[in-house]
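Undergrad: So for the sequence shown, our numbering puts the first residue at 3; every next one is plus one. For every residue, glycine included, the Cβ atom is placed at its ideal position computed from N, Cα and C. Following this message is one structure expressed as structure tokens.
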Amino acid sequence: MDKDVDIATLAASQHGVFSDRQARLRLSRSAIHHRLASARWLEILPRVYRIPGTPVTGRSELMAAVLASGDGAVASHESAACLWGLPGFELLAPRVTVQRRPRRLQGIKTCQTFTFPSSHRSVVDDIPCTSVARTLFDLCGTIRLERVERTLDTALGRGLVTVQVMRETLEQMGRQGRDGTAVMTVLLAPRGDGHIAPESELEARFLRLVHEGGLPTPDQQVDLGDDGGWVGRVDFFFRDAGLVVEVDGMAFHDALLDRRADARRDARLRRARFRVERFRWGDVVQRPEYVRQRLRDLLEDRPSPSPETVASSSRPSTR
Numbered sequence: 003m004d005k006d007v008d009i010a011t012l013a014a015s016q017h018g019v020f021s022d023r024q025a026r027l028r029l030s031r032s033a034i035h036h037r038l039a040s041a042r043w044l045e046i047l048p049r050v051y052r053i054p055g056t057p058v059t060g061r062s063e064l065m066a067a068v069l070a071s072g073d074g075a076v077a078s079h080e081s082a083a084c085l086w087g088l089p090g091f092e093l094l095a096p097r098v099t100v101q102r103r104p105r106r107l108q109g110i111k112t113c114q115t116f117t118f119p120s121s122h123r124s125v126v127d128d129i130p131c132t133s134v135a136r137t138l139f140d141l142c143g144t145i146r147l148e149r150v151e152r153t154l155d156t157a158l159g160r161g162l163v164t165v166q167v168m169r170e171t172l173e174q175m176g177r178q179g180r181d182g183t184a185v186m187t188v189l190l191a192p193r194g195d196g197h198i199a200p201e202s203e204l205e206a207r208f209l210r211l212v213h214e215g216g217l218p219t220p221d222q223q224v225d226l227g228d229d230g231g232w233v234g235r236v237d238f239f240f241r242d243a244g245l246v247v248e249v250d251g252m253a254f255h256d257a258l259l260d261r262r263a264d265a266r267r268d269a270r271l272r273r274a275r276f277r278v279e280r281f282r283w284g285d286v287v288q289r290p291e292y293v294r295q296r297l298r299d300l301l302e303d304r305p306s307p308s309p310e311t312v313a314s315s316s317r318p319s320t321r
């Protein structure tokens, strides 16, 4: 194969960029200098090149940053979170993690690590990056706790990572006293092996106000039924109190048909001796103390044990 075609093929597999080291496996140093001098190649970062006309994208700039950072470098932190499709992250200033002493590169945030087992490495869209678990751990040292918590629950809910893997990562990183250890310890404490991640930001906010108020933690996404069979899957269930709590977003439950369906289901649950309480978005977000006090009142007025019937495995998968 023609060497220039070979390099163009390589560049195409790396978002249009390639390193000097990769080029030297195919061409002599003088041949590389000639291509740079004649503008057949452009040096976009120290010893990282792009063929003119190749589109410049967030991914191409991130890949260039990884190549410029040397052997073993990977995209990390916010950059890795974006690659994994976690919401709220963009490919702005590239974030890269290396094991050896980092190079100073303008416009690139580089972090050095001494703990980097192979399980902490992955590849997404042909870009070397940190694993989901390592990415979440690293974010604990750079963004607010509430944002890390939501990102963690999103990753758990999508099946990108498990609580057990997060615990293993915490144990590995905690030995080094790394930033983020305390935050991740706090986040994993209430999340057992059977933890169900909140399905929405509103549900996450509700759980947060419950925990901050010292209230008992409810079960999440529980299927309930009566003598007639499956009734529905509820957002939260305080099992000891027989209390069902639903949190209604600004849009989901506003349609007339949705409200009627909710009312029919609530009535059926009440006939089965469950108590049902609904909170709207404004209650949870703007009046958290009201929600906490209402929950305290409901939990203190405990009824006799509810004749709960959990639906069979043949239940519908959605409400």
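Can you tell me whether DSSP reads P290 as helix, strand or coil?
TA: In the sequence shown, residue 290 corresponds to position 288, counting from 1. DSSP places P290 in helix when its eight states are reduced to three.
Undergrad: Could you pull the start and end residues of the beta strand (DSSP E) that R61 belongs to?
TA: As a working mapping, residue 61 is identified with position 59 in the sequence shown. Segment G60 to A70 is the alpha helix (DSSP H) holding R61; no beta strand (DSSP E) there.
Undergrad: Starting from the C-beta of C324, find all residues in its chain whose C-beta is less than 7 Å away, skip the five residues before and the five after it, and write them out in chain order.
TA: The requested residue 324 is not part of the displayed model; the chain covers only 3 to 321.
Undergrad: Determine the burial state of Q16: buried for a count of at least 16 other Cβ atoms within 10 Å of its Cβ, exposed for fewer.
TA: The residue given as residue 16 occupies position 14 in the sequence shown. Burial call: buried.
Undergrad: Beta carbon of E151, beta carbon of L189: below 8 Å?
TA: Position 149 of the sequence shown, counted from the start, is the residue given in the question as residue 151. Position 187 of the sequence shown, counted from the start, is the residue given in the question as residue 189. Closer than 8 Å, so yes.
Undergrad: Any chance the stretch 164-174 sits against the stretch 133-143, with 3 or more Cβ pairs inside 8 Å?
TA: The stretch 164-174, when compared against the stretch 133-143, does touch it at the 8 Å Cβ threshold.
Undergrad: Whose C-alpha, out of H35, A41, I198 and Q24, is nearest the C-alpha of D221?
TA: The residue labelled residue 221 in the question sits at position 219 within the sequence shown. Closest by alpha carbon: I198.
Undergrad: Report yes if the CB atom of V19 is closer than 8 Å to the CB atom of V50, and no otherwise.
TA: The sequence position of residue 19 within the sequence shown is 17, counting from 1. The sequence position of residue 50 within the sequence shown is 48, counting from 1. In this structure, V50 lies closer than 8 Å to V19 by Cβ.
Undergrad: Should G234 go down as buried or exposed, given a rule of 16 or more other Cβ atoms within 10 Å for buried?
TA: The residue given as residue 234 occupies position 232 in the sequence shown. G234 should be labelled buried.
Undergrad: Measure the CB-CB distance between S121 and C131 and report whether it falls below 8 Å.
TA: Numbered from its first residue, the sequence shown carries residue 121 at position 119. Numbered from its first residue, the sequence shown carries residue 131 at position 129. No, Cβ-Cβ distance for S121 and C131 is not below 8 Å.
Undergrad: Check whether the stretch 208-227 touches the stretch 180-189, counting contact only when three or more Cβ pairs, one atom from each stretch, lie closer than 8 Å.
TA: With the cut-off at 8 Å, the stretch 208-227 and the stretch 180-189 do not touch.
Undergrad: Ordered along the chain, which non-local residues of its own chain (more than five positions away) have a Cβ less than 7 Å from that of M65?
TA: Working through the sequence shown from its first residue, we reach residue 65 at position 63. Here the set comprises Q16, H17, V19 and I129.
Undergrad: Nearest to D237 by CA position, among G230, I46, Q223 and R289, is which residue?
TA: By 1-based counting over the sequence shown, the position of residue 237 is 235. Measuring from the Cα of D237, the nearest candidate turns out to be Q223.
Undergrad: When burial is assigned at 16 or more other CB atoms within 10 Å of the CB, is D4 buried or exposed?
TA: The residue labelled residue 4 in the question sits at position 2 within the sequence shown. When all chains shown are included, D4 counts as exposed.
Undergrad: Pull up the CB-CB distance for Q24 and L12, whole angstroms please, since I reckon it's below 8 Å.
TA: The residue given as residue 24 occupies position 22 in the sequence shown. The residue given as residue 12 occupies position 10 in the sequence shown. Contact flag correct, Cβ pair sits at about 6 Å.
Undergrad: For the alpha helix (DSSP H) containing C84, name the first residue and the last one.
TA: By 1-based counting over the sequence shown, the position of residue 84 is 82. Taken as a continuous stretch (DSSP letters only), the alpha helix (DSSP H) holding C84 covers H79 to L85.
Undergrad: So what's A208 in DSSP terms, helix, strand or just coil?
TA: By one-based count along the sequence shown, residue 208 stands at place 206. At residue 208 the sequence reads Phe, which differs from the Ala that was named. In the structure shown, F208 sits in a helix (DSSP, three-state: H, G or I).
Undergrad: What number of angstroms, rounded off, separates the C-alpha of F240 from the C-alpha of E302?
TA: As a first step, residue 240 must be located in the sequence shown, where it is residue number 238. As a first step, residue 302 must be located in the sequence shown, where it is residue number 300. Answer to the nearest angstrom: the Cα atoms are 12 Å apart.
Undergrad: From the DSSP output, which residues share a beta bridge with G234?
TA: Within the sequence shown, numbered from 1, the residue matching residue 234 stands at position 232. Paired residues: L226.
Undergrad: Tell me the residue span of the beta strand (DSSP E) that contains V100.
TA: Counting from one through the sequence shown, the residue named residue 100 turns up at place 98. Looking at the DSSP string, the run of the beta strand (DSSP E) that includes V100 is R97 to V100.
Undergrad: Roughly how many angstroms lie between the CA atoms of A10 and W43, to the nearest whole one?
TA: Residue numbering aside, residue 10 sits at position 8 when the sequence shown is read from its first letter. Residue numbering aside, residue 43 sits at position 41 when the sequence shown is read from its first letter. Answer to the nearest angstrom: the Cα atoms are 11 Å apart.
Undergrad: Would you kindly work out how many angstroms separate the C-alpha atoms of S40 and L69, rounded to a whole number?
TA: Start at 1 with the first residue of the sequence shown, and residue 40 comes out as number 38. Start at 1 with the first residue of the sequence shown, and residue 69 comes out as number 67. S40 and L69: Cα-Cα distance of roughly 23 Å.
Undergrad: Distance, Cα to Cα, P96 vs R105?
TA: For this step, residue 96 is matched to residue 94 along the sequence shown. For this step, residue 105 is matched to residue 103 along the sequence shown. Cα to Cα, P96 sits roughly 14 Å from R105.
Undergrad: Report the residue from L141, T219, W86 and G251 whose alpha carbon sits nearest the alpha carbon of S202.
TA: The count along the sequence shown starts at 1 and reaches residue 202 at position 200. Nearest of L141, T219, W86 and G251 to S202, Cα basis: G251.
Undergrad: So, with DSSP's three-state summary, where would you put E151?
TA: Reading the sequence shown from its first residue, position 149 is the one you call residue 151. Correct three-state label for E151: helix.
Undergrad: For V47, collect the residues of the same chain with a Cβ closer than 6 Å to its Cβ; drop the 5 residues on either side in sequence, then sort them by chain order.
TA: Counted from its first residue, the sequence shown places residue 47 at position 45. The sequence shown places Leu at residue 47, rather than the Val named in the question. Same-chain partners within the cutoff: A66 and A70.
Undergrad: Alpha carbon to alpha carbon, how far is F254 from T164?
TA: Indexing the sequence shown from 1 puts residue 254 at position 252. Indexing the sequence shown from 1 puts residue 164 at position 162. Confidence at F254 is low in this model, with a pLDDT of 49, below 50, so the placement of that residue is unreliable and no value is reported for it.
Undergrad: So, is R146 buried or exposed, given that buried needs 16 or more other C-beta atoms within 10 angstroms?
TA: In the sequence shown, residue 146 corresponds to position 144, counting from 1. Exposed is the call here.
Undergrad: Which two residues bound the contiguous alpha helix (DSSP H) that contains I9?
TA: Counted from its first residue, the sequence shown places residue 9 at position 7. Unbroken alpha helix (DSSP H) run through I9: K5 to A14.
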